[in-house]
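Numbering (UniProt numbering), first residue to last: 1 to 161.
Each residue gets a CB set at the ideal place from its N, CA and C atoms; glycine is no exception.
All remarks here apply to the structure that follows.
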Amino acid sequence: MRLIGLLCSAYLFLMSFSSQAAVGEMPKVQQLAVQYIQALTDHDYRQLRRFYNRDSVFYDKTANVTYTGGRHIIEFLERAHEGVLEYRFNIEHMFNTGSLVVLIGNYHLRGPGDQFGKPGKIIEIAVPGVTTLKFDLNTERMTEQVDLMDYQTMSDQLQSQ
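Printed below as a string of structure tokens:
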């Protein structure tokens, strides 16, 4: 009986830690990151504009592409998202140090093959990547986004479609 009581106590103790992952209990900067990624994958440019200012930087390090300023970032995203049917980011791991949030996961995309040299087809890809987001915690604006994407995996997936 005593062993069962100890096991139940240990289980409840461990369960109390897993419940800390609830969004409301995340650090504020991680909540901002989740809200930002949600707006990005929902193509919610109105909400995204609230995250950017003229000094915000979007840098796809793997593709060596940089956009500075909310207007230029939004214009790029509108072009990139044109015709996309489904777009989401599955966060597998997230952590922060101060105002820097690191998100590790997969970007899932379903959309027209025209953008990827596959005209007339609907393609589906899952691109592993790391996105880092820096925020100004006073204004709650995103100051820098750096994407490191596994474009080789994307290329391999496109070959098979």
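Residue range of the alpha helix (DSSP H) that includes residue i
i: Leu48; result: 45-51
i: Met26; result: Premise fails: Met26 is in no alpha helix (DSSP H) and is neither H nor E.
The beta strand (DSSP E) enclosing residue i, as first and last residue numbers
i: Asp136; result: 122-136
i: Leu103; result: 100-112
CB of residue i within 7 Å of CB of residue j, strictly
i: Glu124; j: Arg110; result: yes
i: Tyr52; j: Ile73; result: yes
i: Leu48; j: Phe116; result: no
i: Leu148; j: Lys61; result: yes
i: Gly67; j: Val146; result: What sits at residue 67 in the sequence shown is Tyr, not Gly. No, the pair does not count as a contact, with Cβ atoms beyond the cut-off.
i: Pro112; j: Gly83; result: yes
i: Ala126; j: His108; result: yes
i: Val57; j: Glu144; result: yes
Supposed close pair residue i, residue j - CB separation, criterion 8 Å
i: Leu133; j: Ala33; result: 5 Å
i: Asp114; j: Pro128; result: Actually they are not in contact, since the Cβ atoms of Asp114 and Pro128 sit about 24 Å apart, beyond 8 Å.
i: Asn96; j: Gln30; result: 6 Å
i: Leu40; j: Ser99; result: About 18 Å separates the two Cβ atoms, so there is no contact after all.
Exposed unless 16 or more other CB atoms sit within 10 angstroms - verdict on residue i
i: Val65; result: exposed
i: Thr131; result: buried
i: Asp42; result: exposed
i: Asp156; result: exposed
i: Gly120; result: exposed
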